[in-house]
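Numbering (my numbering), first residue to last: 3 to 399.
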């Protein structure tokens, strides 16, 4: 199935019909990641050359049209892909020819801004810059960038009786969310909220950046936000004064499954058995939820069946729990059942258009499209370690 996705993507690349940005989430960086891992699973078929071609195109496009710094749609995501594939797809540069050092130094300067007025999250904010810095380690700029990211997160943190948390301020929220959360909210999604912070602080502490009190306080606050027993999910989408929390979907971006994976990453990084037990309990609860109850409608990594399967697969590999292995296989079957006669390699995404109208769309990308589905299928069907999922903060093994 991954081969059919690859064939469709190759034909679009050859026809110059991709029409996407250089970015990681939906652009050519994400496609390069897919073809690089496909080459590791099926070497000698030219997928490495295609991945390199895509990387070179991303570098040229970024130089000609500078991007915002965000991880998933900006230049730090392009840089993360280059760092990640160095030594996997191509030889690392000598220190005297380190192409990533300029980006790393630019990121160090960027995350030195204080007070920080932008997002703190994984997709477009501080956590995403920290994920780039972790991938950069131990090369020049990586540690300093990571240290300053942690400093900015510490400055933004709120401390209270329940622990440590981060407010998503109303001025950086979409207008439609301001109607619901006029004072902002405390986001519980890995993609846009504090579980992403937890999944960053664990590896940062392991890398030698002292942040254990901040991390411990964040975990305690998160665990204090559980919904009442008997709720469909353990956690809501967010917490805010005057807003009654409700159950969340089954997904990476939001919901219990993403929180479980993020908590497992932090627990393994710092050797916290209690946090690991909590992560496992959350994952097992999620494994009991059905497709009908999940809000899953397509197959993408972000909030689709392939992404759900991949997280269960990684949690099963980390813990050996058979219930999670069964869930991974069930969700792979669900992902394959969503394949039809249209789309990219037979897969389409349920997504909004420019007018925010939901419908079935063709999507070649990593986060919500065919490239990400292909990576998840490769992880399920081959012995190639899916280290690419560090960019999702779900690599606990």
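We put the CB at the ideal spot given by N, CA and C, even for glycine.
The beta strand (DSSP E) enclosing residue i, as first and last residue numbers
| i | result |
| --- | --- |
| residue 337 | Premise fails: residue 337 lies in the alpha helix (DSSP H), 324-339, not in any beta strand (DSSP E). |
| residue 352 | 351-354 |
| residue 363 | 360-363 |
Contact under 7 Å by Cβ, residue i with residue j
| i | j | result |
| --- | --- | --- |
| residue 315 | residue 382 | yes |
| residue 120 | residue 127 | yes |
| residue 2 | residue 188 | Because residue 2 is not part of the residues shown, which for the chain are 3 to 399, the question remains open. |
| residue 125 | residue 193 | yes |
| residue 162 | residue 148 | no |
| residue 169 | residue 186 | yes |
| residue 137 | residue 223 | no |
| residue 303 | residue 374 | yes |
| residue 346 | residue 43 | no |
| residue 75 | residue 106 | no |
| residue 289 | residue 338 | no |
| residue 37 | residue 53 | yes |
| residue 313 | residue 225 | no |
| residue 249 | residue 233 | yes |
| residue 59 | residue 103 | no |
| residue 330 | residue 7 | no |
| residue 35 | residue 390 | yes |
| residue 140 | residue 80 | no |
| residue 299 | residue 352 | yes |
| residue 350 | residue 333 | no |
Pairwise C-alpha distance: residue j and residue i
| i | j | result |
| --- | --- | --- |
| residue 78 | residue 20 | 21 Å |
| residue 276 | residue 152 | 24 Å |
| residue 294 | residue 336 | 11 Å |
| residue 281 | residue 266 | 6 Å |
| residue 135 | residue 340 | 36 Å |
| residue 231 | residue 287 | 12 Å |
| residue 278 | residue 291 | 21 Å |
| residue 157 | residue 115 | 11 Å |
| residue 55 | residue 144 | 26 Å |
| residue 219 | residue 269 | 13 Å |
| residue 72 | residue 85 | 16 Å |
| residue 395 | residue 198 | 7 Å |
| residue 142 | residue 109 | 12 Å |
| residue 41 | residue 228 | 42 Å |
| residue 195 | residue 238 | 12 Å |
| residue 3 | residue 348 | 9 Å |
| residue 176 | residue 241 | 16 Å |
| residue 245 | residue 191 | 17 Å |
| residue 122 | residue 397 | 21 Å |
| residue 173 | residue 118 | 13 Å |
| residue 272 | residue 200 | 11 Å |
| residue 22 | residue 164 | 44 Å |
| residue 12 | residue 209 | 39 Å |
| residue 100 | residue 67 | 22 Å |
| residue 111 | residue 14 | 38 Å |
| residue 70 | residue 324 | 43 Å |
Collapsed DSSP secondary structure at residue i in the structure displayed
| i | result |
| --- | --- |
| residue 180 | helix |
| residue 286 | helix |
| residue 260 | helix |
| residue 165 | strand |
| residue 299 | coil |
| residue 241 | strand |
| residue 192 | coil |
| residue 321 | helix |
| residue 346 | strand |
| residue 369 | coil |
Extent of the continuous alpha helix (DSSP H) run through residue i
| i | result |
| --- | --- |
| residue 222 | 214-225 |
| residue 30 | 30-43 |
| residue 390 | Run containing residue 390: none; DSSP gives neither H nor E here. |
| residue 79 | 77-87 |
| residue 60 | 49-66 |
| residue 13 | 4-16 |
| residue 149 | 144-158 |
| residue 381 | 372-383 |
| residue 175 | It is not in any alpha helix (DSSP H) - residue 175 carries neither H nor E in the DSSP assignment. |
| residue 138 | 128-138 |
| residue 110 | 103-112 |
Interface flag, residue i vs chain C, CB-CB below 7 Å
| i | result |
| --- | --- |
| residue 297 | The structure shown contains no chain C; it holds only a single protein chain. |
Could you tell me whether the segment 366-375 touches the segment 314-328, where touching means 3 or more Cβ pairs closer than 8 Å? no
Within 8 Å, do at least three Cβ pairs link the segment 207-222 to the segment 141-157? yes
Would you call the segment 215-224 and the segment 355-363 in contact, with 3 or more CB pairs under 8 Å? Because the criterion of three Cβ pairs below 8 Å is not met, the segment 215-224 and the segment 355-363 do not touch.
Just checking, does the segment 372-379 make contact with the segment 296-312 on the three C-beta pairs under 8 Å criterion? yes
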